[in-house]
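Visitor: Numbering (the numbering used here), first residue to last: 6 to 583. Glycine included, C-beta positions come from ideal geometry on N, C-alpha and C.
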Amino acid sequence: MTAFVSPKSRITTLFVEAARAVAPDHDVAIDLERPKQASHGDFACNAAMQLGKALRRNPREVAQAMVDALPASELVEKTEIAGPGFINVFLKPAAWQGIATQVLTSGDRFGEVALGGNARIQVEFVSANPTGPLHVGHGRGAAFGASLANVLAMAGYQVHREYYVNDAGRQMDILALSTWLRYLALCGEFVPFPANAYQGAYVGAMADGIFALHQDRYRRAAAEVVADVPDAATDPEGHLDALIANARRLLGADYAYVHGYALEEQLGDCRNDLTEFGVTFDTWFSEKTLHESGLIDKAVEQLRKHGHVYEQDGALWFRSTAFGDEKDRVVRRENGIYTYFAADIAYHVNKIERGFDRLIDVWGADHHGYIPRVKGALTAAGLDADRLTVALVQFAVLYRNGQKASMSTRAGEYVTLRDLRAEVGNDAARFFYVLRKSDQHLDFDLDLAKSQSNDNPVYYIQYAHARIASVLASWGGVESDLLDADTGRLAHPQELALLRRLAEFPEAVAGAARDLAPHGIAYYLKDLAADLHGLYAACQFLVDDEELRLARLALIAATRRVLQRGLALLGVGAPDKM
RNA sequence: GCCCCCGUAGCUCAGUGGAUAGAGCAUCCCCCUCCUAAGGGGAGGGUCACACGUUCGAUUCGUGUCGGGGGCGCCA
6 MTAFVSPKSR
16 ITTLFVEAAR
26 AVAPDHDVAI
36 DLERPKQASH
46 GDFACNAAMQ
56 LGKALRRNPR
66 EVAQAMVDAL
76 PASELVEKTE
86 IAGPGFINVF
96 LKPAAWQGIA
106 TQVLTSGDRF
116 GEVALGGNAR
126 IQVEFVSANP
136 TGPLHVGHGR
146 GAAFGASLAN
156 VLAMAGYQVH
166 REYYVNDAGR
176 QMDILALSTW
186 LRYLALCGEF
196 VPFPANAYQG
206 AYVGAMADGI
216 FALHQDRYRR
226 AAAEVVADVP
236 DAATDPEGHL
246 DALIANARRL
256 LGADYAYVHG
266 YALEEQLGDC
276 RNDLTEFGVT
286 FDTWFSEKTL
296 HESGLIDKAV
306 EQLRKHGHVY
316 EQDGALWFRS
326 TAFGDEKDRV
336 VRRENGIYTY
346 FAADIAYHVN
356 KIERGFDRLI
366 DVWGADHHGY
376 IPRVKGALTA
386 AGLDADRLTV
396 ALVQFAVLYR
406 NGQKASMSTR
416 AGEYVTLRDL
426 RAEVGNDAAR
436 FFYVLRKSDQ
446 HLDFDLDLAK
456 SQSNDNPVYY
466 IQYAHARIAS
476 VLASWGGVES
486 DLLDADTGRL
496 AHPQELALLR
506 RLAEFPEAVA
516 GAARDLAPHG
526 IAYYLKDLAA
536 DLHGLYAACQ
546 FLVDDEELRL
556 ARLALIAATR
566 RVLQRGLALL
576 GVGAPDKM
């Protein structure tokens, strides 16, 4: 099995040699583009115009020199010099015809590119607090991160998918408290439920669960729970913190049970939700372990050793302003508790110490202000902050009947990822989430995602796949019968267009990986499906001429492969029937 | 106030230092005796917000202006 070398990269090699011959002392990047107009050939090279400036010669002269220096190739039909100095290359049909069988023989490797050089790359995504069901905002991060990780793997990286579990913070304590208060009510101990505690029905469900397992083992007197607690109306946050403190004191060692129960339930729910969504992780990394193993102490000590930490107002500060941040940040509060940021520093130091060559953090766009301080902390710790790339994902807004679907996080009244999946299906959800550039706000049209019409790009692409499956089923043969097909018979313009498109798949993968932009795959697949539908309308596949029939079947079988592989990158199914 | 994203066809959005800027929807016209019409072909529709720079060349890069969206905690 030989690696696939696209016509584009083979032609590029020719131009690199030509440029070297014409201008040995100048380095010019040869970047062939596919012209918009068919009359400009298969590829256009603009190197002569760039070299023209460097050599102080007329670009068209340089272009002629390059054409003269171009090594002979059996792929090239002819070249011509056009416009201000473009070199247009016209390929023989044979250059494209071979693609069909190359796709079939390269099996499950077509699309692989060596961009990553087998480097170890970690993609951390979702990482939502396990304090309740995932909502549609998390869904976008999940779909984006999972697709990106798949793309990077195909582009030659060793990919490690990780979820950072915030199991150590105040939010988890609030969840544990919320659960316990609901549980106490079941025991007959009524404590007013704070408005800023977790309101969702899932909290009550967890209380039911604990009560069913342990009856009133964790019951404490309501009067003790609210003892010495500040007024909820005037000091809601203090009220909550005091309730948590009382819960810890009254429950003693049992507090860990309630806390752990809530954590396991919510994390389990989150994991199930994501698994059903086709999103899986290699590691679920616990924040708590950073505290317990002393990694935070160690990381802060590392910063202190380098002189980037100081004390003020009883708190410990990281001098992030020395690294481009707009203000210094607290790492340990007056009360001696590390901030979330301190854990984040330790976490990122740990990631690099685990030996990853590159780190990708997928964050909600609201966290963009954190980039300078996290990168600054890495630099301050003597590490290479350039290994870290933060991919920001903007918010998704749902639209139903042309109206914005409301999302109030406060009252626990938000649309969950599970609701969305149930409403539009996993395939449409995965696809729509990555259809926009990640750094762009996403308007998620629920009606469109649900519609089974040609307005809906998911169905358009899946339909292309189903059509091919249907034709191949009518034919009745097996794919291996097609490996010897004489693809030289593929000369129809629609056939050549589809062949060219197939050859572009590796480039689409490389581009999506380089730009951390899996939406490029979605757009590629739309184009590929359009080419297939165009061919379907123009040509009959199951023709009497056996040679032509096999050639065409080889072409669409190859197309089916690429559709499958592309859809798999996005976590979208490729049904045989629709 | 500071920071981030965006401004491309009526709408939703791709694209990108190159030649005549694309797709889907919407509008109008056409195509099923045939492997799935969930499809295909065609027409109209644009000062790529504006200005000034950089460049052989700018929708793309830079600066500014205007307009839209979002974010700013000893929360996580």
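Using the rule of at least 16 other Cβ atoms within 10 Å of the residue's Cβ for burial, across every protein chain shown, is K356 buried or exposed?
Guide: buried
Visitor: Give every residue of the same chain whose Cβ lies closer than 6 Å to the Cβ of L533, excluding the five residues on either side of it in the sequence, and list them in chain order.
Guide: Counting only Cβ-Cβ distances below 6 Å, and skipping sequence neighbours, we find R506.
Visitor: Report all residues from its chain with a CB closer than 8 Å to the CB of G121; omit the five preceding and five following residues, and keep chain order.
Guide: L157, A160, G161, Y162, Q163 and A518
Visitor: Please classify Y315 as buried or exposed, where buried requires at least 16 other C-beta atoms within 10 Å of its C-beta.
Guide: exposed
Visitor: Decide yes or no for the touch test of the region 440-454 against the region 544-557: beta carbon pairs closer than 8 Å, at least 3 of them.
Guide: no
Visitor: Do G144 and A433 count as a contact pair if the criterion is CB distance below 9 Å?
Guide: no
Visitor: Measure the alpha-carbon distance for L477 versus D486 and round it to whole angstroms.
Guide: 12 Å
Visitor: Taking the DSSP output, what are the residues bridged to L393?
Guide: L364
Visitor: Evaluate contact between the region 100-111 and the region 488-505, counting only Cβ atoms and requiring at least three cross-stretch pairs below 8 Å.
Guide: yes
Visitor: Does the pairing of the region 299-312 with the region 338-350 give three or more beta-carbon distances under 8 Å?
Guide: yes
Visitor: Between the region 248-258 and the region 229-236, do three or more beta carbon pairs fall short of 8 Å?
Guide: Output reads yes: the region 229-236 touches the region 248-258.
Visitor: On the DSSP letters alone, give me the boundaries of the alpha helix (DSSP H) that L447 sits inside.
Guide: From DSSP, L447 is part of no alpha helix (DSSP H) but of the beta strand (DSSP E) over L447 to D450.
Visitor: Between R334 and R378, which are expected to be in contact by the criterion C-beta below 8 Å, what is the C-beta distance as a whole number of angstroms?
Guide: 5 Å
Visitor: What number of angstroms, rounded off, separates the C-alpha of G539 from the C-alpha of E85?
Guide: 30 Å
Visitor: Can you check the region 164-230 for any alpha helix (DSSP H) of at least 4 residues that lies completely inside it and give the ranges in chain order?
Guide: Counting only runs of 4 or more, we get 175-192, 206-219 and 227-230.
Visitor: Consult DSSP for C544 and reduce its assignment to one of helix, strand or coil.
Guide: coil
Visitor: Rank V67, I473 and F130 by C-alpha distance to the C-alpha of H31 and give the top, closest one.
Guide: Residue V67 is the option with its Cα nearest to H31.
Visitor: Report the CB separation of E129 from V367 in whole angstroms; it is logged as a contact under 8 Å.
Guide: 7 Å
Visitor: Using a Cβ distance threshold of 8 Å, determine whether the region 167-175 contacts the region 184-203, with at least three qualifying pairs required.
Guide: no
Visitor: I need the straight-line Cα distance from I376 to P138, nearest angstrom please.
Guide: 27 Å
Visitor: I'd like the span of the alpha helix (DSSP H) that includes I5, first residue to last.
Guide: In this structure the chain extends from 6 to 583, so residue 5 is not present and cannot be described.
Visitor: Let me confirm a value: S152 is counted as buried when at least 16 other C-beta atoms fall within 10 Å, else exposed. Which label applies?
Guide: buried
Visitor: Within a Cβ cutoff of 7 Å, which residues of the same chain sit near V208, ignoring the five residues on either side of it in sequence?
Guide: S183, T184 and R187
Visitor: Can you tell me which residues form a DSSP beta bridge with A401?
Guide: L447
Visitor: Roughly how many angstroms separate the alpha carbons of A70 and V27, rounded to a whole number?
Guide: Cα to Cα, the separation comes out at about 7 Å.
Visitor: Jot down the residue ranges of each uninterrupted alpha helix (DSSP H) in the region 17-63, minimum 4 residues, whole runs only, in chain order.
Guide: 52-60
Visitor: Which ranges would you report for the alpha helix (DSSP H) in the region 77-121 if only whole runs of at least 4 residues count?
Guide: With a minimum length of 4 residues, the continuous alpha helix (DSSP H) runs that stay inside the region 77-121 are 98-102 and 104-110.
Visitor: Is it right to say P12 is buried, meaning 16 or more other beta carbons lie within 10 angstroms of its own, or is it exposed?
Guide: buried
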